[in-house]
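Peer 1: The structure is given below, and queries will be raised subsequently.
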Amino acid sequence: TDTMATGKINVSVDNIFPLIKKFLYSDHEIFLRELISNATDATLKLKHLTSIGEAEVEYGNPLIEVKIDKEGKKLHIIDQGIGMSEEEVKKYINEVAFSGAEEFLDKYKDAGKDAGIIGHFGLGFYSSFMVAKKVEILTKSFREDTPAVHWTCEGNPEFTIKEAEKSDRGTEIILHLAEDSLEFLEEGRIRELLTKYNKFMPIPIKFGTRTETLPKPEGAKEDDPAPTREVDNIINNPNPAWTQKPTDLEEKDYKSFYRELYPMQFEEPLFHIHLNVDYPFNLTGILYFPKLTGDINLQKDRIQLYQNQVFVTDNVEGIVPEFLTMLRGVIDSPDIPLNVSRSYLQADGAVKKISSYISRKVADKLTALFKDDREAYQEKWNDIKIVIEYGMLSDEKFFEKADAFALYPTVDGEYFTFEELIDKIEAQQTDKDGKRVLLYASDREAQHAYIDTARAKGYQVLLLDSPIVPHLMQKLETTKENLSFARVDADHIDKLIRKEEDAVSKLSEDEQETLKGQLEKALGEKSSYTVQLEAMDSDQAPFVITEPEFMRRMK
Ligand code: ADP
Ligand code: MG
6 TDTMATGKIN VSVDNIFPLI KKFLYSDHEI FLRELISNAT DATLKLKHLT
56 SIGEAEVEYG NPLIEVKIDK EGKKLHIIDQ GIGMSEEEVK KYINEVAFSG
106 AEEFLDKYKD AGKDAGIIGH FGLGFYSSFM VAKKVEILTK SFREDTPAVH
156 WTCEGNPEFT IKEAEKSDRG TEIILHLAED SLEFLEEGRI RELLTKYNKF
206 MPIPIKFGTR TETLPKPEGA KEDDPAPTRE VDNIINNPNP AWTQKPTDLE
256 EKDYKSFYRE LYPMQFEEPL FHIHLNVDYP FNLTGILYFP KLTGDINLQK
306 DRIQLYQNQV FVTDNVEGIV PEFLTMLRGV IDSPDIPLNV SRSYLQADGA
356 VKKISSYISR KVADKLTALF KDDREAYQEK WNDIKIVIEY GMLSDEKFFE
406 KADAFALYPT VDGEYFTFEE LIDKIEAQQT DKDGKRVLLY ASDREAQHAY
456 IDTARAKGYQ VLLLDSPIVP HLMQKLETTK ENLSFARVDA DHIDKLIRKE
506 EDAVSKLSED EQETLKGQLE KALGEKSSYT VQLEAMDSDQ APFVITEPEF
556 MRRMK
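As numbered in the UniProt record's numbering, residues 6 to 560 make up the sequence shown, in order.
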């Protein structure tokens, strides 16, 4: 067949607007994040250009300002960044889905990456049409002799562009809010969005003013009011802890950053892990181990994901290993693809690497904490064991590393590593099949008689009471050689090779027969329990009732 014609397919803008409005982002509120990201990019670009001598202007201390005009039903986002010339507006704004950020990155390559540019979907600006019926751009380039430009668009492909009066460099975006989006005229709603998405963005963001109380002048009278003044209300912290070097931070800085992240959390974190990697992917962040005892609310105060200091989500499923989603903190990575589904994310190579990096860092930190101050680590064990035990079950590499920091507490309040424990029991806790037997109790109160008996015989008894421990025991039994677990009240204990002579019952043989018969009758025929009289330490109890270990774990 003949080719009739070749050419470029033009995506019709007519069709794209309704799409943007409906499907671009399910959450309309992200328009503000996108516009502030653009304002931040424009400011960082200027910073970069001045630093390499390509822009001969004073960079100064630029701000981004968000202003509400209630009467005019308008929202203003104003920056002091590079601005745009008429050509640039035509190129960067009119060409929907043409990402200027990507072009800038291409041009400045790695230098641009270091500058921390945010945008890369090329639809960010147009998300403003999710909430606005009309959008204006007033912009003036940092380049001298470039006239300011006024661009207006009413949500359809027609736009107007003309020269404008604007003397200072930068861009002002004016949103004429649609009737169904007037909630964004509420100060509280905007403050909520700024706190959610922009709290740690790198350029200061001003939203209104606040009254600052000044110290009283010298010689002021007791009841003279303290002087006040109006200052810019800056809603963000442009230099959050995770963007700083660990060597520049102290313990108290990490704690106060935790408070900044979770203002409603009054509990102190147990310890932190500062993440910082730039090869083969970029990732920074701080993870905290919270106290996990008591009510664990996993839905609240979760790990937050950022990209270049812009909040993206607090659903880090697929990015952080599942067992670590119980932690808190921040991870920031420009290398996590966001415009894809979760299932794709889990299969993505880069994301897999990120997930295993995080798991490794956590294991390393735990190893170091244990080595550096064993006592302090042991004190935290009860609060952190759930995460560690869960990690040992679900992550092979973590399981291997955990030999260095997983602890096995005894009923006597001692804490052993696996290796230490084996050392302790090797000599005497071996059964007739040559297996090393780890005795454990799951309930100190209910099993105290058995615990006492085993202790009196010189056996070590572990106190393993977390709900996933049965699974962990099974895992240890299958991965460690010659090992089995037996609860103190299991029949197993009787098969151990003992240090002392077997205890002998004080009852006569006849008495023993009768008692045994009565007990067995009481337990019922189908019972899995066994009555033992002869194997007892008669000072503790006159008899024991035991049950096979496998029956225990089925319950
Ligand atoms: P992206 O940010 O992914 O590049 P956007 O649709 O958000 O895509 O923005 C398109 C382009 O418009 C930007 O890359 C930038 O060149 C330009 N632009 C948008 N907002 C501003 C602004 N406030 N100042 C200067 N240029 C801007
Ligand atoms: Mg953008």
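Quick reminder that beta carbons are idealized off the backbone N, C-alpha and C, glycines included.
Which residue wins for smallest C-alpha separation from Phe-410, given the options Glu-380, Thr-435 and Asp-417?
Peer 2: Closest option to Phe-410, Cα to Cα, is Glu-380.
Peer 1: Looking at Gln-85 and Phe-205, is the spacing between their C-beta atoms short of 8 Å?
Peer 2: Contact flag unset, no.
Peer 1: From Glu-514 to Thr-415, what does the alpha carbon distance come to, in whole angstroms?
Peer 2: So the two alpha carbons sit approximately 36 Å from each other.
Peer 1: Keeping to the same chain, check which residues put their C-beta closer than 6 Å to that of Met-478; ignore five residues upstream and five downstream.
Peer 2: Cβ within range, chain order: Phe-490.
Peer 1: Could you check where the beta strand (DSSP E) with Lys-480 kicks off and where it finishes?
Peer 2: Careful: Lys-480 lies outside any beta strand (DSSP E), inside the alpha helix (DSSP H) at 474-484.
Peer 1: Skipping 5 residues on each side, what residues in its chain have a beta carbon closer than 6 Å to that of Phe-421?
Peer 2: Closer than 6 Å at Cβ, skipping near neighbours: Tyr-413.
Peer 1: For Gly-224, is the classification buried or exposed, using 16 other Cβ atoms within 10 angstroms of its Cβ as the cut-off for buried?
Peer 2: With fewer than 16 other Cβ atoms within 10 Å, it is exposed.
Peer 1: Rounded to a whole number of angstroms, what is the C-alpha to C-alpha distance between Glu-191 and Ile-35?
Peer 2: The straight-line gap from Cα to Cα measures roughly 16 Å.
Peer 1: Is the beta carbon of Trp-247 sitting closer than 8 Å to the one on Val-317?
Peer 2: Not in contact: Trp-247 and Val-317 (Cβ atoms no closer than 8 Å).
Peer 1: How many Å lie between Tyr-290 and Leu-40 at the Cα?
Peer 2: Per the sequence shown, residue 290 should be read as Gly rather than Tyr. Looking at the two C-alpha atoms, the distance is approximately 24 Å.
Peer 1: Nearest-angstrom Cα distance between Leu-444 and Ser-533?
Peer 2: Going from the Cα of Leu-444 to the Cα of Ser-533 covers about 20 Å.
Peer 1: Any heavy atom of the ligand ADP closer than 7 Å to the beta-carbon of Lys-89?
Peer 2: Correcting the residue type first, residue 89 is Met in the shown sequence and not Lys. Because some heavy atom of the ligand ADP lies under 7 Å away, the Cβ of Met-89 counts as near it: yes.
Peer 1: Smallest Cα separation from Phe-189: which of Lys-440, Leu-80 and Met-269?
Peer 2: Ranking Lys-440, Leu-80 and Met-269 by Cα distance to Phe-189 puts Leu-80 first.
Peer 1: Under 7 Å from any heavy atom of the ligand ADP, does the C-beta of Tyr-97 make it?
Peer 2: Tyr-97 Cβ: within cutoff of the ligand ADP.
Peer 1: Got a sec? Which residues, its chain only, sit under 7 Å from Phe-403 by beta carbon, not counting five neighbours each side?
Peer 2: Within the same chain, Phe-403 has close Cβ partners Ser-364, Ala-368, Gly-396 and Met-397.
Peer 1: Is any heavy atom of the ligand MG found at a distance shorter than 7 Å from the C-beta of Gly-129?
Peer 2: Yes - the ligand MG has a heavy atom lying nearer than 7 Å to the Cβ of Gly-129.
Peer 1: Per DSSP, which residues does Ser-489 bridge with? Please list them.
Peer 2: Val-442.
Peer 1: For Val-493, count the other beta carbons within 10 Å of its own beta carbon; 16 or more makes it buried, fewer makes it exposed. Which is it?
Peer 2: Buried, since its Cβ has 16 or more Cβ neighbours within 10 Å.
Peer 1: From Val-282 to Leu-288, what does the alpha carbon distance come to, in whole angstroms?
Peer 2: Using only the alpha carbons, I get a separation of about 5 Å.
Peer 1: Could you tell me which residues DSSP pairs with Trp-156 in its beta bridges?
Peer 2: The partner list for Trp-156 (beta bridge, DSSP) reads Ile-142 and Ile-166.
Peer 1: Thr-330: beta carbon under 7 Å from a heavy atom of the ligand ADP?
Peer 2: No, the beta carbon of Thr-330 sits no closer than 7 Å to any heavy atom of the ligand ADP.
Peer 1: Please confirm whether any heavy atom of the ligand MG lies closer than 7 Å to the CB of Glu-100.
Peer 2: No.
Peer 1: I need the DSSP call for Gln-270, collapsed to helix, strand or coil.
Peer 2: It is coil, neither helix nor strand.
Peer 1: Can you give me the start and stop residues for the alpha helix (DSSP H) that Ala-161 sits inside?
Peer 2: The question names Ala, yet the displayed sequence has Asn at residue 161. Looking at the DSSP string, Asn-161 is not in any alpha helix (DSSP H), and its letter there is neither H nor E.
Peer 1: Which of helix, strand or coil does DSSP assign to Ala-137?
Peer 2: Strand at Ala-137.
Peer 1: Buried or exposed for Glu-450, please, with buried defined as at least 16 other CB atoms from any protein chain shown within 10 angstroms of its CB.
Peer 2: Exposed: under 16 other Cβ atoms inside 10 Å.
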